[in-house]
Amino acid sequence: MELETIAVPGLFHDGRLRLRCVATQFHLYRQGADVWLQEDTPQLAHVLGSSSNHGKCKF
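Under the numbering used here, the first residue of the sequence shown carries the number 46, and numbering increases by one thereafter.
Structure follows, in structure tokens:
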């Protein structure tokens with residue numbers, strides 16, 4: 046089985062998306078499994094140092 050969807054931000058709650066698969070066979074059998082996916086978005090980088098040294102490099 047294959048599942049394909051476009052993961053838009055509205056599907057994620059608190060940065061996570063839950064996928065649930067449930068298999069049933071009449072009323073005799075029921076089994077399920079959950080998988081949590083973490084949203085993969087670029088994060089802002091922390092900038093260290095002052096901007097006064099911008100463009101100056103020493104090798």
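Beta carbons are placed, not taken as given, at the ideal position from N, Cα and C, and that holds for glycine.
Computed from a predicted structure; not experimentally measured.
- In this structure, the alpha-carbon of Gln83 lies about 15 Å from that of Thr50.
- Considering only Thr69, Thr86, Leu93, the residue with the shortest C-alpha distance to Pro54 is Thr86.
- Contact check for Ala52 and Leu64: beta-carbon distance about 11 Å, past the 8 Å limit, so the pair fails to qualify.
- Taking Asp59 as reference, the option from Trp81, Val92, Leu73, Leu93 with the minimal CA-CA separation is Trp81.
- Look at Gly77 here: in three-state DSSP terms it is strand.
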